[in-house]
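Participant: Sending over a structure as structure tokens; questions will come in a sec.
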Amino acid sequence: MPSTNVEFVTELMEFSAHGALIQAFVMQALEQYARRVAETDPQALDTPMVSGRAWHGCAVEVRDKLARRLGPNEPIPPATSPAQGH
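In our numbering, the protein residues as written are 500 to 585.
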């Protein structure tokens, strides 16, 4: 039986060849996408399957929850690749 979305995301966050770095990657992806969608006119997001207003509402909710967790206007910094060094 296929896993649920929650199980898939949990597995993604907990079991990666890149260790805990995957968590920063996933959080940054969520923050960037939520911010981009929240800045879009909800009517422009309408599709035959999903209301643009509902999709926009999801983005605002995720953006706001991440801002409360991470601090407003502080996007998660991009990870540096091993080739870039520290």
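Just so you know, even glycine gets a beta-carbon here, dropped at the ideal spot from N, CA and C. Note that the structure is a prediction, hence the values are computed from the model and not measured.
When you compare each of F524, M500, R535, F507 to D563 by their alpha carbons, which one comes out closest?
Facilitator: R535
Participant: Do you know offhand how far H555's Cα is from M526's?
Facilitator: Distance between the alpha carbons of H555 and M526 is about 18 Å.
Participant: When you compare only the Cα positions, how much space is there between V549 and F514?
Facilitator: Distance between V549 and F514, taken at the CA atoms: about 31 Å.
Participant: Does DSSP put M548 in a helix, in a strand, or in coil?
Facilitator: coil
Participant: Between the C-alpha atoms of R568 and P541, what's the straight-line distance to the nearest angstrom?
Facilitator: CA-CA distance, R568 to P541, rounds to 25 Å.
Participant: Quick one: residues in its chain with C-beta nearer than 7 Å to the C-beta of T511, no 5 flanking neighbours on either side, listed in chain order?
Facilitator: For the record, residue 511 in the displayed sequence is Leu; it is not Thr. Once the five neighbours on either side are set aside, the close Cβ partners of L511 are I521, V525.
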